[in-house]
Amino acid sequence: MSKVPEDLKFTKSHEWFKEENGVVTMGISDYAQSQLTDIVYIELPSVGSKKKAGEVLLTIESVKSAEDVYSPVEGEVVEINKELVDKPELVNSDSYKYWMVKIKKTGNLTESLTPSEYKQFIGE
Amino acid sequence: MSYKQASYDEPFIGELRSGTTYKIPGKVEEKVLDDLPAGSGREKLPLPEVAEYDVVRHFTRLSQMNYSVDIGMYPLGSCTMKFNPKFADRISTFEGFSEIHPLQPEKSVQGSLKIMYELQEYLKDLSDMDGITLQPLAGAHGEYTGILIIRKYHEDRGELDKRTEIIIPDSAHGTNPASAAMGGFDVVEIPSSDKGTVDLEALKAALSNKTAAFMITNPNTLGIFEDQITEIARLVHDAGALLYYDGANFNAIMGITSPGLMGFDIVHFNLHKTFATPHGGGGPGSGPVAVKEHLKDFLPVPTVSRDGDIYFLDYSHPKSIGRVAAYYGSFNMMLRAWSYITYHGSDGLKENTINAVLNANYLARKLSGKFKIPYKALKKHELVLSTENTGKRALDLAKYLIDHGIHAPTVYFPLIVHEDMMIEPTETVSKADLDQYADVLIKGLNIDDAELKSMPKNLSVSRIDEVKAAKDLKVKWDLE
Chain P
770 MSKVPEDLKF TKSHEWFKEE NGVVTMGISD YAQSQLTDIV YIELPSVGSK KKAGEVLLTI
830 ESVKSAEDVY SPVEGEVVEI NKELVDKPEL VNSDSYKYWM VKIKKTGNLT ESLTPSEYKQ
890 FIGE
Chain Z
26 MSYKQASYDE PFIGELRSGT TYKIPGKVEE KVLDDLPAGS GREKLPLPEV AEYDVVRHFT
86 RLSQMNYSVD IGMYPLGSCT MKFNPKFADR ISTFEGFSEI HPLQPEKSVQ GSLKIMYELQ
146 EYLKDLSDMD GITLQPLAGA HGEYTGILII RKYHEDRGEL DKRTEIIIPD SAHGTNPASA
206 AMGGFDVVEI PSSDKGTVDL EALKAALSNK TAAFMITNPN TLGIFEDQIT EIARLVHDAG
266 ALLYYDGANF NAIMGITSPG LMGFDIVHFN LHKTFATPHG GGGPGSGPVA VKEHLKDFLP
326 VPTVSRDGDI YFLDYSHPKS IGRVAAYYGS FNMMLRAWSY ITYHGSDGLK ENTINAVLNA
386 NYLARKLSGK FKIPYKALKK HELVLSTENT GKRALDLAKY LIDHGIHAPT VYFPLIVHED
446 MMIEPTETVS KADLDQYADV LIKGLNIDDA ELKSMPKNLS VSRIDEVKAA KDLKVKWDLE
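Protein sequence lines, in the order shown, are assigned to chains P and Z. Numbering of the first sequence is given in the working numbering, commencing with residue 770 and proceeding in unit increments. Numbering of the second sequence is given in the working numbering, commencing with residue 26 and proceeding in unit increments.
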């Protein structure tokens, strides 16, 4: 059973995000990390880069596959979780504690799911 | 059948010492040493010091800790790991072929040139294409060659600046987007439909005057035939783009239909798949590329042509993309493929295709009650199943198979099916092999998770630390 915290929003491409004071913090869901299995590399975007909602934000490589992760919002990358550069496996230990990117919102959010909708979406 | 793989604590060959010594032939002149920059000479040269018997024993022991098509079934989906027939191996060792040099005068290698010419003709016939190069050294190299031809075609028409995109379905082989990107194009991925085939609406939306080509394999990686292929070809051509056939799955249609009939402009073949020549480390591979008439001028040079009874290397393509290999490609693989084609003949090749499809469908039927098999369409040469409904992970069941002396299928590919196994038995297995495969896989469902995760036990190594292998890979032996 995957963890789905009640205070977050989710996407169909398995990102979670929350918005605080115009800054969106995002990562991947517990379900996504368990599907990926052991994460070996995360290619984070550079601070200052501008993304549209739904555009490829970063790439995660696991022992199983390499997957694109999409931006939940249009905006500018203001911070990346540098801890993940050397220790990407932390995401496997707790994918909600280890956020990936913070984006200053300048445009629209992507279509999102509530926690209960997301649970239904992943069939749990 | 019980299985126990040999296990040796085998050192790296550089660490083996037979007690023999050797001398580097010839004498190093002092003068030569004087010409070298200071400090570039070295005191020690730690080459392997092994006698012939230790070399043979070393590699025999390594081979015993390995698995191959000579040991058992090897149903890696999309890889087409057929048994490699021994007659073709034997022909490739004939002195008349194995002892020639690529720079010999053409008149002294007429037989070899004739083989290459005939292989070109056979492959053109089988694919209904008009021109061909045998040069590319592997499937992915063939793809890249095809991409360079696409570039040249649009450049020749003055449209390269605007045609910057190559469209690829989400079920594609990973090499397709890689080849397109290597060739300087932007990759546009389109989703598959709920039937597991190209979503025509998504394709229409993606096509534009920026499209250089659409790359697909048919049947696709789900083993499903793209039944709207002629409509796809029309849409792609109407947009001014080219249609590229990834020939990795050609063994599913050979002798029944062809890329040429479907409307493709460019095709690559994997001789090491469809035509049963050795793969990978036992290769090298070979990835010939065939094209329709309007692209012939762009083929790499030389190709092999004939003038009456004389065969010659033909450099006459005026708009050629140039060479893509030193010399003429993997001749030894061409020889094996030629042998395979002439041995089976057109009826035999067609029968192989039918049997490959029959075997995949037989296995699909045997496994369908236990595993979820997504997409209802009849499978061609391979099937994709999901272990999601069983509560087991595909990786764990794969290890269980390996522990029983059966090679695991491809797992976690294609990416659009969760917990998937992609099984391609090929025509070179018996019904008994297929039954055993299904029985072992189904038996694995009754093994508890802790036990499964402790497997394999019967191999020279158990689970590899894949994280360490990905993050801390050492491919260099440190000379002492």
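All residues carry an ideal CB built from backbone N, CA and C; glycine is no exception.
Self-check item: DSSP bridge partner residues for Z/F294 (one or two, in chain order)
Solution: Answer by DSSP bridge pairing, in chain order: Z/G272.
Exercise. Report yes or no: is there a C-beta of chain P within less than 8 angstroms of the C-beta of Z/V492?
Key: So yes, Z/V492 belongs to the interface.
Quiz prompt | is_contact[Z/L25, chain P] using C-beta, thresh 8 angstroms | solution = The structure shown has nothing for residue 25 of chain Z, since chain Z only spans 26 to 505.
Self-check item: Range of the contiguous beta strand (DSSP E) that encloses P/N877
Solution: Judged by DSSP secondary structure, P/N877 falls within the beta strand (DSSP E) whose first and last residues are 870 to 878.
Practice problem: Report the three-state DSSP secondary structure of Z/L286 (helix, strand or coil). | Solution: Residue state, collapsed to three classes: helix.
Practice problem: Please state whether DSSP places Z/V314 in a helix, a strand or coil. | Solution: Of the three classes helix, strand and coil, the one that applies to Z/V314 here is strand, per DSSP.
Quiz item: If we ignore side chains and look at the alpha-carbon of each, how far apart do Z/L410 and Z/P399 end up?
Solution: C-alpha separation (whole angstroms): 7 angstroms.
Quiz item: Given a limit of 7 angstroms on CB to CB distance, which residues of the segment 468 to 496 of chain Z reach chain P?
Solution: Residues passing the 7 angstroms Cβ filter: E491, V492, A495, K496.
Practice problem: Compare the C-beta of P/D776 with all C-beta atoms of chain Z and state if any pair is closer than 8 angstroms. | Solution: For P/D776, no Cβ of chain Z is located within less than 8 angstroms of the residue's own Cβ.
Quiz item: Which term fits Z/T170, buried or exposed, when burial requires 16 or more other beta carbons within 10 angstroms of its beta carbon?
Solution: It is buried - the Cβ of Z/T170 has at least 16 other Cβ atoms within 10 Å.
Quiz item: When the distance is taken between beta carbons, is P/Y887 closer than 8 angstroms to P/K772?
Solution: Cβ atoms of P/K772 and P/Y887: not closer than 8 angstroms.
Practice problem: Just tell me which of Z/Y437, Z/F300, Z/L388, Z/S117 has its CA closest to the CA of Z/S371. | Solution: Comparing Cα-Cα distances from Z/S371 to each of Z/Y437, Z/F300, Z/L388, Z/S117, the minimum goes to Z/F300.
Quiz item: Quick one: does Z/L247 have its CB under 8 angstroms from some CB of chain P?
Solution: Taking Cβ atoms only, chain P never reaches closer than 8 angstroms to Z/L247, which makes this a no.
Quiz prompt | Residue-chain proximity (Z/Y425, chain P), Cβ-Cβ < 8 angstroms | solution = It does not: the Cβ of Z/Y425 has no partner Cβ on chain P nearer than 8 angstroms.
Quiz item: Got a sec? Which residues, its chain only, sit under 6 angstroms from Z/L338 by beta carbon, not counting five neighbours each side?
Solution: Correct list, in chain order: P327.
Quiz item: Looking at C-beta atoms only, is the number of pairs between the segment 370 to 385 of chain Z and the segment 314 to 330 of chain Z that lie closer than 8 angstroms three or more?
Solution: These segments do not touch.
Quiz item: Using the C-alpha atoms, what's the distance from P/M795 back to P/A835?
Solution: Taking the straight line joining both Cα atoms gives about 19 angstroms.
Exercise. Name, going along the chain, the residues of the segment 782 to 808 of chain P whose beta-carbon falls closer than 9 angstroms to a beta-carbon of chain Z.
Key: Under the 9 angstroms Cβ criterion, the segment 782 to 808 of chain P contributes Q804, T806, D807, I808.
Practice problem: Measure the Cβ-Cβ separation of Z/A230 and Z/I192 and say whether it is below 8 angstroms. | Solution: One thing to note: Z/A230 has its Cβ no nearer than 8 angstroms to the Cβ of Z/I192.
Exercise. Following the continuous alpha helix (DSSP H) through P/G796, name the residue where it begins and the one where it ends.
Key: Note, P/G796: premise wrong, no alpha helix (DSSP H); beta strand (DSSP E) at 792 to 797.
Practice problem: Kindly indicate if chain Z contains any beta-carbon less than 8 angstroms away from that of P/V842. | Solution: The C-beta of P/V842 comes no closer than 8 angstroms to any C-beta of chain Z.
Practice problem: For the segment 351 to 367 of chain Z and the segment 263 to 279 of chain Z, state whether three or more C-beta atom pairs, one from each stretch, are separated by less than 8 angstroms. | Solution: With a cut-off of 8 angstroms, the segment 263 to 279 of chain Z and the segment 351 to 367 of chain Z do not count as touching, because too few Cβ pairs lie within range.
Quiz item: Who are the Cβ neighbours of Z/Y352 in its own chain at under 6 angstroms, not counting the five residues just before and after it?
Solution: Cβ neighbours of Z/Y352 beyond the five flanking positions: P127.
Practice problem: Can you give me the start and stop residues for the beta strand (DSSP E) that Z/K482 sits inside? | Solution: Element bounds for Z/K482: n/a, residue is neither H nor E.
Exercise. Identify the contact partners of P/V722 in chain Z, using a Cβ-Cβ distance below 7 angstroms as the criterion.
Key: The question about residue 722 of chain P has no answer here: the residues shown for chain P are numbered 770 through 893.
Quiz item: By DSSP, does Z/K424 sit in helix, in strand, or in coil?
Solution: Assigned with DSSP and collapsed to three states, Z/K424 falls in helix.
Exercise. Tell me whether Z/L225 sits in a helix, a strand or coil according to DSSP, three-state version.
Key: Annotated three-state conformation of Z/L225 is helix, per DSSP.
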